[in-house]
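In UniProt numbering, the protein residues as written are 1 to 980. By construction, the Cβ of each residue, glycine as well, lies at the ideal position given by its N, Cα and C atoms.
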DNA sequence: ATCCTCCCCTAC
DNA sequence: TAAGGTAGGGGAGGAT
Ligand SMILES: Nc1ccn([C@H]2C[C@H](O)[C@@H](COP(=O)(O)OP(=O)(O)OP(=O)(O)O)O2)c(=O)n1
Ligand SMILES: [Mg+2]
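Put into structure tokens, the structure is as follows:
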């Protein structure tokens, strides 16, 4: 069956082969997927997580465990400390196990490792051990341990000799080896030689051999139709490997491959789906900001009747693009990239697969005239043109969409009691109170009022569905469209019969599974027993669908959920010709993830690499440069500490990639996700932290053996408290109790802390006593003084001051990437890549005097901030705009919104700035610098300078003070000052 | 019983 | 020409 389009939202009959988005992999092709998902056959589990501490025998025996463990570790440390002067802890984080006979001996290896921060495990715990040391492996062992880091003893010796952690891949035992790569690992001298060569070549040459490629290419080429992998490539500029006639070497195609240096930036600039995801996060952030501006309290506690609205623009992209690209009214129009006129014989009339330009361009949005022909969002243009030959295409106007969206949210967030941003063009509103207070209970009247305001502001039409819960409001919207309002109550819902596909959470797979059991409508669901439903679509989904089928839905709106993951995935244009290509791309992608984390002032301690691999037998994808039908693989690893350091994360990802052992020529998509994030709150209030530190030490003194010590349940732990614990203790908790992931996932205590009695719990962790229930209150009352990193331990520079010192003397490039564990990988990257990666993270000039407020030398057009503020005219008849109350809790918001806040601030007060606001802004910018968000810091400072450019002394002094503070931090960190 | 990893699915 | 991203809910099965 040929790969062909299937519309995302609603695939018509006979369409479905390859799914439009997301995990477009094999199992969906040609029919049956199981719904209750199961693990695939792929990569088993990651061995390297939580590499700390011995196994916990019993959950219950908390105090005994820690006492015992601490004693043992101290012993182990002491044992060798006696014999040797302190060594650089190059093996910190390494937990090793030794297998079989080795040369040097077990004892000697153990000494070398433990002296330098390694931990030894005398048995093989697959979850705790990070490295297995063995000279050779038995056949059976080799298979069993193929997913683990099995290294030769020479690795240890060479690491010690080099006094740093070397990449283990070169010393890998067993597994396939790239032809030409010596089976015997290179000695340290050779590695240095390679590195020097690498640097000289500046990325223009691809160096064969392990130092450049990092790892081998799998031997298995039986499926490959070419031998290009083994071709001795010398010039990187050499032809791309094009096994499937994709025209990868035509110059305009080559310029659009992921191997290009600026690919990610250009790709993201044009990707509608990337914009959609980015905007979703931004709008959630913006709603949080607006709600604060508007003094919206906590969500209404369902006192009486709930009134929920679902507001959604009609064919949003089309409506918005039409504003600047008018078309005859009533004519079918779509938004897509291809703008060429149709060529009648450009596509295969049977399959709709395009032969020429434009056909595999996806339709982001189609208007209602186009829909009457059967055109749908997500469809290939080629196929749509078959349905509707006169289809007109208009281009994307991304900036316009965002502007309209902000206008939209500004209006609805002011009106609604609670607002949940669903997407750039769609929001859920809880209006239970306001509809009574101001519209005498007429939801329709309120809806029409919102629609009128939004249209007047945006010139785009909005439809609104109304219901007693989210489900019914959503379903009502479908009936309201286009340009209308519709209300749906449970009775009306049960009277009508809906197709299961119309329910939330039912996509094409679930629909298919239900259909196979003869369930097509909500009535069919109601008729089915719950247990049968569970067998079809799983425990939870069955429960939800069962409720939905009766028109009930008890979900509540949430506007303040903390983000739990940051990621970047790219599945277009990914065509690699070598392992080096893949490695380079992963590094750049990691940089992208780190950038977005830094923008939000977040860090994480676990990373997952996702790769889509061309499925056996698949050739050229239906979509031009698309991923086609693939198998998905993913693998995760611990980062051992909270970080958003691109070098550290890139290194972990490269490691994962190598361990996945995938032919780089088959990689069609790569994704990186960082999880187990810090909870943000902990780093914003230093006063609070001191209090806790005190509590901690007091508790520690009290909780000696014999003292009462209870095991806290995961949900009782305040994640922000956990975050504050020293990293090694966090890691301990993670390994011992497997709960940090959960603690970190527990939404900040606010949700439950409304009723202190129920949620305030006294927990003790190894003598740590912390209260969780009152935290929010104190955070509220006490103005944040210090933001991220102030007084928080985890940053690597703090723990390795001497190493950093050394780095500072090196070139600036390296000073950005000081983390010890990764320095090696960092240095192995070609200079070109390093430079590229670093450029975005540091823009400094040599140290100068912390001179007087360096006035902005120029204000670039590109840095022009958005000026649409929240304090503009309030819609009439609504409560007056509350007073602007200054920039607080800055850490919570993304860069764009911060700038807006600064704009507001500098315009808010005629009498000059408040001292505490200056401190807050200064602290915020300092935290940006210390969090490596130098681009953000510089951008904020530039904007601040711009805002005060013709203001009087007090403002200039304020800006100067902020600038000094930022520069002081920058000098601390990098021995350099920001260039503004 | 519960956690963790590696998936799968959904939505815009 | 084309720009098929991503966060979050959830399940199966192995490890503990
Ligand atoms: N497969 C998709 C689905 C949506 N979008 C973008 C374009 C849409 O305009 C916007 C909003 O999605 P909607 O599902 O709300 O669809 P529309 O707004 O286009 O149509 P309507 O809401 O009237 O059904 O998201 C996209 O790019 N690709
Ligand atoms: Mg819409």
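Quick one: is residue i buried, meaning 16 or more other Cβ sit within 10 Å of its Cβ, or exposed?
i, result
"residue 239", "exposed"
"residue 563", "exposed"
"residue 155", "buried"
"residue 372", "exposed"
"residue 621", "buried"
"residue 821", "Since pLDDT at residue 821 reaches only 33, below the 50 mark, its modelled position is unreliable, and the value read off the structure follows with that caveat. So residue 821 ends up on the buried side."
"residue 486", "buried"
"residue 510", "buried"
"residue 324", "exposed"
"residue 245", "exposed"
"residue 455", "exposed"
"residue 579", "buried"
Could you pull the start and end residues of the alpha helix (DSSP H) that residue i belongs to?
i, result
"residue 87", "Neither: residue 87 is in no alpha helix (DSSP H) and is coded neither H nor E."
"residue 380", "No alpha helix (DSSP H) holds residue 380; DSSP gives it neither H nor E."
"residue 316", "316–324"
"residue 285", "272–293"
"residue 495", "490–495"
Taking Cβ positions, are residue i and residue j nearer each other than 8 Å?
i, j, result
"residue 312", "residue 461", "no"
"residue 980", "residue 942", "yes"
"residue 341", "residue 558", "no"
"residue 593", "residue 654", "no"
"residue 607", "residue 674", "yes"
"residue 318", "residue 334", "yes"
"residue 613", "residue 634", "no"
"residue 363", "residue 375", "yes"
"residue 522", "residue 549", "yes"
"residue 295", "residue 465", "no"
"residue 589", "residue 264", "yes"
"residue 431", "residue 417", "yes"
"residue 165", "residue 91", "yes"
"residue 669", "residue 544", "no"
"residue 87", "residue 153", "no"
"residue 999", "residue 957", "Missing from the structure shown is residue 999; the chain here goes from 1 to 980 and no further."
Whole angstroms is fine: what's the gap from residue i's alpha carbon to residue j's?
i, j, result
"residue 330", "residue 321", "15 Å"
"residue 922", "residue 666", "48 Å"
"residue 168", "residue 111", "19 Å"
"residue 960", "residue 934", "18 Å"
"residue 963", "residue 443", "50 Å"
"residue 258", "residue 251", "14 Å"
"residue 631", "residue 657", "15 Å"
"residue 928", "residue 407", "28 Å"
"residue 89", "residue 113", "9 Å"
"residue 525", "residue 494", "12 Å"
"residue 459", "residue 272", "22 Å"
"residue 551", "residue 412", "26 Å"
"residue 402", "residue 248", "34 Å"
Could you give the first and the last residue of the continuous beta strand (DSSP E) run that contains residue i?
i, result
"residue 594", "Run containing residue 594: none in the beta strand (DSSP E); it sits in the alpha helix (DSSP H), 579–599."
"residue 437", "It is not in any beta strand (DSSP E) - residue 437 instead sits in the alpha helix (DSSP H) that spans 432–439."
"residue 677", "667–677"
"residue 448", "Residue 448 -> not in any beta strand (DSSP E); alpha helix (DSSP H) instead, spanning 443–458."
"residue 630", "630–643"
"residue 612", "604–614"
"residue 508", "It is not in any beta strand (DSSP E) - residue 508 instead sits in the alpha helix (DSSP H) that spans 508–516."
"residue 1022", "The shown model of the chain, from 1 to 980, leaves out residue 1022, and the question about it has no answer."
"residue 569", "566–570"
Using 8 Å for Cβ pairs, my map puts residue i next to residue j. What's the rounded Cβ distance?
i, j, result
"residue 361", "residue 283", "That belief does not hold up - the Cβ atoms of residue 361 and residue 283 are roughly 26 Å apart, past 8 Å."
"residue 365", "residue 315", "5 Å"
"residue 618", "residue 628", "5 Å"
"residue 599", "residue 288", "With a Cβ gap of about 15 Å, residue 599 and residue 288 do not count as contacting."
"residue 150", "residue 172", "7 Å"
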